[in-house]
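In my numbering, the protein residues as written are 18 to 221.
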């Protein structure tokens, strides 16, 4: 094999190897991509945990957490101790009107019904809190100051999420260098086994 042939072979192998390495660096079994942030609303404190994506699915099914927003599948912002007094409104199932269900549904009820609060204070639940209304609606804070405190908690929680792009890129590049080094070492070993220390295998 000539040097030009060896270089061409290396180039042909390097391109798919580079793609595979960067794909590998993005995988959850190599680097946990799950990001779980839990915020205590009453104390305005949040904690961050990096977890496998499978744990994000488990957390998503935890009926003790009130979820905020439809974040990406690798992120979860959960709320606990959401004790602010609120008014809850939901469409009636059989009548074309909105019903105030505050006497039946509290913030704690929403926590136990697998509910998600969205920007603008709309909500939807996987378990219907009240039988005669829809599983979605909206909430209003009775105390305007509580709305400000709630928004501060949400912003605090969002600030804990991280961007893993550079880390995953570095991991992918590390895999590429490791694979490329292994390829060069194996090529040299094959050359050494066949030709010894002579230069006969890769000609000019």
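Note that the Cβ used here is the ideal one computed from N, Cα and C, for glycine as well.
The structure presented is a predicted model; accordingly, all values stated were derived computationally and were not measured.
### Query
Got a sec? Which residues, its chain only, sit under 8 Å from residue 87 by beta carbon, not counting five neighbours each side?
133 and 135
#### Entry: Nearest-angstrom Cβ-Cβ length linking residue 197 and residue 31, presumed shorter than 8 Å
7 Å
### Message
Taking its Cβ as the centre, do 16 or more other Cβ atoms sit within 10 Å of residue 29, making it buried, or is it exposed?
### Response
exposed
### Task
Please list the segments of the beta strand (DSSP E) lying wholly inside the segment 20 to 106, counting only runs of 3 or more residues, in order along the chain.
51 to 57, 62 to 68, 83 to 85 and 92 to 97
### Proximity to residue 92 [Cα-Cα], best of 208, 62 and 176
176
### Among 106, 38 and 115, nearest to residue 124 - alpha-carbon criterion
106
### Query
For the alpha helix (DSSP H) that residue 125 lies in, which residues bound it at each end?
124 to 128
### Task
Taking 8 Å as the threshold, find out whether the segment 152 to 161 comes into contact with the segment 94 to 111 through three or more Cβ pairs.
yes
### Query
Below 9 Å between beta carbons: does that hold for residue 151 and residue 145?
yes
### Contacting residues, own chain, Cβ-Cβ under 7 Å from residue 185 (five flanking each side not counted)
42, 43 and 48
### CB of residue 60 within 9 Å of CB of residue 96, strictly
no
### Per-residue DSSP class, three states only, for residue 169
helix
### Message
My output table needs one value for residue 117: the three-state DSSP class, helix, strand or coil.
### Response
strand
### Query
What residues are listed by DSSP as bridge partners for residue 139?
155
### Query
Between the Cα of residue 170 and the Cα atoms of 111, 190 and 94, which residue gives the shortest distance?
94
### Message
Assuming contact is defined by CB atoms lying nearer than 9 Å, are residue 111 and residue 53 in contact in what I supplied?
### Response
no
### Task
Could you work out which residue in 69, 141 and 122 is closest to residue 153 when comparing CA atoms only?
141
### Message
According to DSSP, residue 133 sits in a beta bridge with which residue or residues?
### Response
84 and 141
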